[in-house]
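Chemist: I'd like to ask you about the structure that follows.
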Amino acid sequence: MFTEALCCLSILLLVQCWTLLCQPAVAMGISVFILAGLLVHCVFLVSIFDIYFSSPLVHGMTPQQTPLPPPAKRLVLFVADGLRADSLYELNSNSTPRAPYMRSILENNGSWGISHTRVPTESRPGHVALIAGFYEDVSAVAKGWKENPVEFDSVFNESKYTWSWGSPDILPMFAKGATGDHVYTFCYTAESEDFGAQDAAELDMWVFDHVKSFFNSSRSNQTLFSALNEEKVILFLHLLGIDTNGHAHRPNSREYKENIKKVDEGVKEIASMIDNFYGNDGKTAFILTSDHGMTDWGTHGAGHPSETLTPLIVWGAGVNYPQRVTSQKFEDNFLKEWKLENLKRLDVNQADVAPLMASLIGVPFPLNSVGTLPLEYLNNSAHFKAESMFTNAVQIVEQFKVKMSQKRETTLSFLFTPFKPLSDSEQINYLKKARLYIQQQKYDEAESTVVFYGFAFVGMIIAFFLLIQTCPWTYYIYCLLPVPVWYAVVKELPVIQDLATNLLSHNMVQSIGFIFICILGIEILVFSFFYRSTLTLGLLVFAGWPVITQLWTQAKTSASIWTFLCVLLAIFPLMPVVGREANIPLVIATGLLTLLISCLSLASLCKNKNKYRNNEDLKVYFYQMLSIALSTYVVSSTHDSLKNKQGLPLLNQIISWMTLVSSSVLPFLSSTFLFQRLFSILLSLMSTYLLLSTGYEALFPLVLSGLMFVWINMEQEALQHYGLSLKPKLAVFNFTYATDITQFRQLHLDDVRRSFFFVFFIVTAFFGTGNIASVNSFDPASVYCFLTVFSPFMMGSLLLLKVAVPFVLVSCAFEAIQVTTQLSSKSLLLLVLVISDIMALHFFFLVKDYGSWLDIGTSISHYVLVMSLTIFMMLMNGLAQLLTTQRLQLSRGTKHHST
Numbered sequence: 035m036f037t038e039a040l041c042c043l044s045i046l047l048l049v050q051c052w053t054l055l056c057q058p059a060v061a062m063g064i065s066v067f068i069l070a071g072l073l074v075h076c077v078f079l080v081s082i083f084d085i086y087f088s089s090p091l092v093h094g095m096t097p098q099q100t101p102l103p104p105p106a107k108r109l110v111l112f113v114a115d116g117l118r119a120d121s122l123y124e125l126n127s128n129s130t131p132r133a134p135y136m137r138s139i140l141e142n143n144g145s146w147g148i149s150h151t152r153v154p155t156e157s158r159p160g161h162v163a164l165i166a167g168f169y170e171d172v173s174a175v176a177k178g179w180k181e182n183p184v185e186f187d188s189v190f191n192e193s194k195y196t197w198s199w200g201s202p203d204i205l206p207m208f209a210k211g212a213t214g215d216h217v218y219t220f221c222y223t224a225e226s227e228d229f230g231a232q233d234a235a236e237l238d239m240w241v242f243d244h245v246k247s248f249f250n251s252s253r254s255n256q257t258l259f260s261a262l263n264e265e266k267v268i269l270f271l272h273l274l275g276i277d278t279n280g281h282a283h284r285p286n287s288r289e290y291k292e293n294i295k296k297v298d299e300g301v302k303e304i305a306s307m308i309d310n311f312y313g314n315d316g317k318t319a320f321i322l323t324s325d326h327g328m329t330d331w332g333t334h335g336a337g338h339p340s341e342t343l344t345p346l347i348v349w350g351a352g353v354n355y356p357q358r359v360t361s362q363k364f365e366d367n368f369l370k371e372w373k374l375e376n377l378k379r380l381d382v383n384q385a386d387v388a389p390l391m392a393s394l395i396g397v398p399f400p401l402n403s404v405g406t407l408p409l410e411y412l413n414n415s416a417h418f419k420a421e422s423m424f425t426n427a428v429q430i431v432e433q434f435k436v437k438m439s440q441k442r443e444t445t446l447s448f449l450f451t452p453f454k455p456l457s458d459s460e461q462i463n464y465l466k467k468a469r470l471y472i473q474q475q476k477y478d479e480a481e482s483t484v485v486f487y488g489f490a491f492v493g494m495i496i497a498f499f500l501l502i503q504t505c506p507w508t509y510y511i512y513c514l515l516p517v518p519v520w521y522a523v524v525k526e527l528p529v530i531q532d533l534a535t536n537l538l539s540h541n542m543v544q545s546i547g548f549i550f551i552c553i554l555g556i557e558i559l560v561f562s563f564f565y566r567s568t569l570t571l572g573l574l575v576f577a578g579w580p581v582i583t584q585l586w587t588q589a590k591t592s593a594s595i596w597t598f599l600c601v602l603l604a605i606f607p608l609m610p611v612v613g614r615e616a617n618i619p620l621v622i623a624t625g626l627l628t629l630l631i632s633c634l635s636l637a638s639l640c641k642n643k644n645k646y647r648n649n650e651d652l653k654v655y656f657y658q659m660l661s662i663a664l665s666t667y668v669v670s671s672t673h674d675s676l677k678n679k680q681g682l683p684l685l686n687q688i689i690s691w692m693t694l695v696s697s698s699v700l701p702f703l704s705s706t707f708l709f710q711r712l713f714s715i716l717l718s719l720m721s722t723y724l725l726l727s728t729g730y731e732a733l734f735p736l737v738l739s740g741l742m743f744v745w746i747n748m749e750q751e752a753l754q755h756y757g758l759s760l761k762p763k764l765a766v767f768n769f770t771y772a773t774d775i776t777q778f779r780q781l782h783l784d785d786v787r788r789s790f791f792f793v794f795f796i797v798t799a800f801f802g803t804g805n806i807a808s809v810n811s812f813d814p815a816s817v818y819c820f821l822t823v824f825s826p827f828m829m830g831s832l833l834l835l836k837v838a839v840p841f842v843l844v845s846c847a848f849e850a851i852q853v854t855t856q857l858s859s860k861s862l863l864l865l866v867l868v869i870s871d872i873m874a875l876h877f878f879f880l881v882k883d884y885g886s887w888l889d890i891g892t893s894i895s896h897y898v899l900v901m902s903l904t905i906f907m908m909l910m911n912g913l914a915q916l917l918t919t920q921r922l923q924l925s926r927g928t929k930h931h932s933t
C-alpha cells in the first residue's frame, strides 16, 4: 500500500503540474542556588499553561449569514446531559421503545444519527461545541471548565432572543459572553444538583414545569408575548437529571432508564405545547441531543465510545423526513441492535450542530465555529443548501484570514510563509468559482460532497478490516495513505483527461521517443547510486545536448562553453573518493583561480558605471574577495603548521570561524540582480568550502557553478528556440521583481527536461566527489582549519555544511531558471518530485531483507537516501528563494536600478 501511495503521489504531482497548464525559522551561597533552582522550575511549571493552554480563538471576523429566507422562525434545543446514544435508541427487553415519543419522531417525522463528541467529554466542552461550534478552548482547563477564559460567539448570541432553563453550571457561560440583553437564563440552585438525592429526575421536571409556566405567563404579558413571536428565537432546555442519575446509580440502573422515559414524556409535552402556542404554524424546529455520554461505571471525560457517542434527533421546520434505505454500512453494529437498519442514519461531528441551528432559523454562523453544515438534515431547495454551504465556507475562511493576519504581524517577515493553498488569490478563486456555480444553478459542484464521502467511506472500511485483524498502528498509515492521495487524483480527473488528449495529439514516434529518453535518464540516475561513473556518462550526453537540439547554431559561444564544462565536470565522478590523498597545493591554486575570476568579473561590472551597480555593491564584492584570499592563506598556513607539529594557529582558527559566519550574511548585502547575486553567493560559499577542502574537491563547486551560469543562459536560448517567450535581458534581471504571477507561462514538454537536469545536477552534487553515504568518505582533515580537538558533533556539522555547498549552488541556479523562464516554482518543483518519487519506487523494490549485512544495509541506505534527497530538494528550494530574493539594507544611500 505504501508503494501504491508513492506511485499515486507521483501521479498527483504530475496532475497538478498539468493543472497549471490548463490554468495559465565564583562562588555563591548554596541558598542562592536553591532559590534560583526553585525559580527556574516554577517558571517551567507555569510555562506549560502559556504554551499549551493559551486560547486559540481569534476575534475580529465578519458575521456570515445565509441570504435566503430560513425555513424556521424559532428553534427548541433539548440537551439531555449525559445521555448515551445506545441508552436512547435501544429497545427494552420486551422490544418496546425506551423513549416512545422520540422513537416515533425518528421513524415518522424527522432525521436521526449519532453526534460524535471529542475529549474532554465534559459538560462545558460539549455545550460549547453544540452551541458555539468549536471544540473546547484548552485555556478553560485553568478555570475548571466552568468560566469563559476568552469570550466567544454562539448561536444564542446571534439570535434575536434566547430563553434557557437548567443548570447554573451551564447557562451563565452563554449569557455572560452575549452582546446586549437578549439571552435570558432561569436556573435552579446549585444545591439541587445532589448525587445523593432520592430522584435526580426532579431536576428535569423543574425545567419542564418552568417552561410551561413561562409560556402561560406570556399570555398576560404583552411584551413577552411579542418577543416570543419574533423570528430567530431559541428556547434551550438543559436537562441534567440523566447525568446526575448516571453518576449516582450508573447508566444501566433503573433510575437512569426511568429518567430517560420521563425526559421523553417531558419533550413530548413541551413540543405539543409550543406547537399549540404558535397555532401549529409549522415554523418551529426541534433538536434533541446530548453533550456527552457516560461509561458503564458512571464516569465521563475520556474518549471511550460510550462517552463520545451521543444521540441526535432533529424534526420540524426545514428538517428532512425519515429516509428509507435497504442497507447501511457502519463500522459498528448499532443499527441491527437498535432495529433501525431501514432508517438512514446521519452521523455528524458535535460542532456541526451549531451551523445546523444557524441555518434553520437564519442567524449568522457563530464566528468561531469550525462545524460543517450537515446538508442531509435539511429539507430545502438545492439553492438554499448551496448558499448555506457557501456561507459556512466563508465563515471558516474569515477565521483563517484573521489568524493569518495575527501570525504575520507577530512574525519576522522573512520567517513568515503563507499557506499557499489558501493565499489571498486562491481564496478569491475558490469563492468566485463557488458563487459562479450557484449563479449557474450548479449546486452539486458548489457543495462538492459526494466524492469526498465516497473516499471517506473507503477509508473507514480499510480501518475496520485493520481493526478486526488487530494490526499495528503503522499499518493504518501504510494502508490509509493512498486514500487521500487517490482522492486528490480523482478530483483532477478532467485534467488527467486533458493530459492524455494532449499526449495523443503529438506524433506517435516523438511521444514514444520522449518517454524512452525519460525512462533511460531516470535509470541512469538510479545506477549512479551504485556506480559513480554512470554520472560521467550522463554528463557526456549533456555535453552533446546543444548539437542534438540545434542550439549550437543559435548560440555557439554559450554552447561551446557548456560542452567544455560538462566534459570537465564529468572527470570528477572518475576520481577517487575524497579523503584518500591530500593535495593542498591544488586547494591553494583553486583559491587563486577564484580570485582571478573574481577580478575579471569585478572589472566587467565596473564598466557599467552608474547603471546596474553602486559603490555599496562593490564594497561587498571586495569583502568577499578578501575573504577568499584569507581562506587561501589559512589553508596553506594551517597545514604547514600541522605538518611541522605546531598545532592549529589561534589566528587561523579565528579567521576561519569569522569567515564561516560572514559567508552566511554577505550575500544578503549584495545586489539582487541575477548574476550579481548568484556570483556573490558563489564567493561566500567558496570562502568556506576552501577552508573545508583537502584536495581536488576544492575545484568541484567552482566548475559546477560555472556550468550553472552557462545553464541559465542556455535555457534562455532554448526558450527562444521553441518560441515560448521573448529572450529577456539577464543582465538586468532582478530576483526581487520576478514574482509577478501574471507573467507566468504555461508548462511545455521541454520543462520536463529542465526538471530532469536539476535532479541530475543534484545527484552529481551528491556523488561528484565521493559517496557521502559512507562514513569512510569523511576525512577529519577537512575541518582542521576550524578545530583539531576531536568533537564529533562539531566536526559532523562542518562536514555536512561542506556537503551542502554544491546543493545550494545548484538550487540557486534552478531558482534563477524558474523565474527567468517565466514559470512558477511550484510547476517545476512538482515535476522534480515526480522524477524523485519514480526513483524512490526503484529503491523500494530493491530493499533486501536477506544476504550479507553489507547488502542489506546498502539497500536500506539507498532507499533512505533517495527519500531524504526528495525532502532535501524541497528544503533547498526554499533556501534558494531566501538567498536570491532577500536583501539587508545597511545604508540609506543604497539604491536599486532596473529597466
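In my numbering, the protein residues as written are 35 to 933.
We put the CB at the ideal spot given by N, CA and C, even for glycine.
Just so we're clear, the structure is a prediction, and the values are computed from it rather than from any experiment.
Under the assumption that Q429 contacts F399 (Cβ atoms under 8 Å), give the Cβ distance between them as a whole number of angstroms.
Modeler: 4 Å
Chemist: Using the Cβ count rule (16 or more neighbours within 10 Å means buried), how would you classify P610?
Modeler: exposed
Chemist: By the three-class DSSP mapping on this structure, what secondary structure does A114 have?
Modeler: strand
Chemist: DSSP three-state label for Q915, please.
Modeler: Reduced to three states, the DSSP call for Q915 is helix.
Chemist: Using 10 angstroms around the beta-carbon of A31, count the other beta-carbons present and answer buried if the total reaches 16, otherwise exposed.
Modeler: The structure shown has nothing for residue 31, since the chain only spans 35 to 933.
Chemist: Could you check if S361 is buried or exposed, using at least 16 other CB atoms within 10 Å of its CB as the buried criterion?
Modeler: S361 comes out exposed.
Chemist: Have a look at A305, D674 and L274 and flag the residue whose alpha-carbon is nearest the alpha-carbon of D233.
Modeler: L274
Chemist: At 3 residues or longer, and completely inside the segment 285-328: list those beta strand (DSSP E) runs for me, N to C.
Modeler: 318-323
Chemist: Check whether the Cβ atoms of F841 and L832 sit closer than 8 Å, and answer yes or no.
Modeler: no
Chemist: With H, G and I counted as helix, E and B as strand and the rest as coil, what does DSSP make of N617?
Modeler: N617: coil per DSSP, three-state reduction.
Chemist: Considering only the beta carbon of each residue, do L109 and E421 sit closer than 8 Å?
Modeler: no
Chemist: Can you round the beta-carbon distance between L862 and M748 to whole angstroms, since I take them to be within the 8 Å contact cut?
Modeler: Between the beta-carbon of L862 and that of M748 there is about 16 Å, and that puts the pair past the 8 Å contact cut.
Chemist: Once you ignore the five residues that flank S727 on each side, which residues in its own chain have a CB closer than 6 Å to its CB?
Modeler: V621
Chemist: Which class does L380 belong to by DSSP, given the choice of helix, strand or coil?
Modeler: coil
Chemist: Specify whether the segment 898-910 and the segment 872-881 touch according to this definition: at least 3 beta carbon pairs, one from each stretch, less than 8 Å apart.
Modeler: yes
Chemist: Using the Cβ count rule (16 or more neighbours within 10 Å means buried), how would you classify Y565?
Modeler: exposed
Chemist: Can you find a heavy atom of the ligand MG that lies under 7 Å from the Cβ of K882?
Modeler: For the structure depicted, the ligand MG is absent and the ligand set is empty, with no information on it obtainable.
Chemist: Using 8 Å for Cβ pairs, my map puts R379 next to L369. What's the rounded Cβ distance?
Modeler: 6 Å
Chemist: Can you grab the Cα-Cα spacing for the pair M659 / T587, in whole Å?
Modeler: So the alpha carbons of these two residues sit roughly 37 Å apart.
Chemist: Can you tell me the Cβ-Cβ gap for A119 and L377, rounded? I've got them flagged as a contact below 8 Å.
Modeler: Not quite, the Cβ-Cβ distance comes to about 14 Å (not below 8 Å), so this is no contact.
Chemist: With a threshold of 16 other CB atoms inside 10 Å of the CB of I321, please say whether the residue is buried or exposed.
Modeler: buried
Chemist: Over what stretch of residues does the beta strand (DSSP E) that includes F248 continue unbroken?
Modeler: Unbroken run through F248 is the alpha helix (DSSP H), A235 to S252; no beta strand (DSSP E).
Chemist: Please state if the CB of G167 and the CB of G405 are separated by a distance shorter than 8 Å.
Modeler: yes
Chemist: Using DSSP bridges, identify the partner residues of C221.
Modeler: G200
Chemist: What does the alpha-carbon distance come out to for the pair L500 and F598?
Modeler: 58 Å
Chemist: Have a look at T196 and E265 and give me their C-alpha separation to the nearest angstrom.
Modeler: 11 Å
Chemist: Quick one: measure Cβ to Cβ for A604 and T568, integer angstroms, because I've assumed they're closer than 8 Å.
Modeler: With 8 Å as the limit, A604 and T568 do not qualify as a contact, their Cβ atoms being about 11 Å apart.
Chemist: Identify, in the order they occur along the chain, each residue of the same chain with its Cβ nearer than 6 Å to the Cβ of S632, setting aside the five sequence neighbours on each side.
Modeler: Correct list, in chain order: M659.
Chemist: Determine the burial state of D366: buried for a count of at least 16 other Cβ atoms within 10 Å of its Cβ, exposed for fewer.
Modeler: exposed
Chemist: In this structure, how does DSSP classify R152 when only helix, strand and coil are distinguished?
Modeler: coil
Chemist: Tell whether a beta-carbon distance below 8 Å holds between I546 and V517.
Modeler: For I546 and V517, no; Cβs fall outside 8 Å.
Chemist: For H272, which beta-bridge partners are listed by DSSP?
Modeler: BP columns for H272 point to V113.
Chemist: Between the beta-carbon of S718 and the beta-carbon of Q710, is there less than 8 Å?
Modeler: no
Chemist: Would you mind reading off the limits of the alpha helix (DSSP H) that contains P345?
Modeler: No alpha helix (DSSP H) holds P345; the beta strand (DSSP E) holding it covers L343 to G350.
Chemist: In whole angstroms, give me the CA-to-CA distance for S697 and D785.
Modeler: 33 Å
Chemist: How is S121 classed by DSSP in three states: helix, strand or coil?
Modeler: helix
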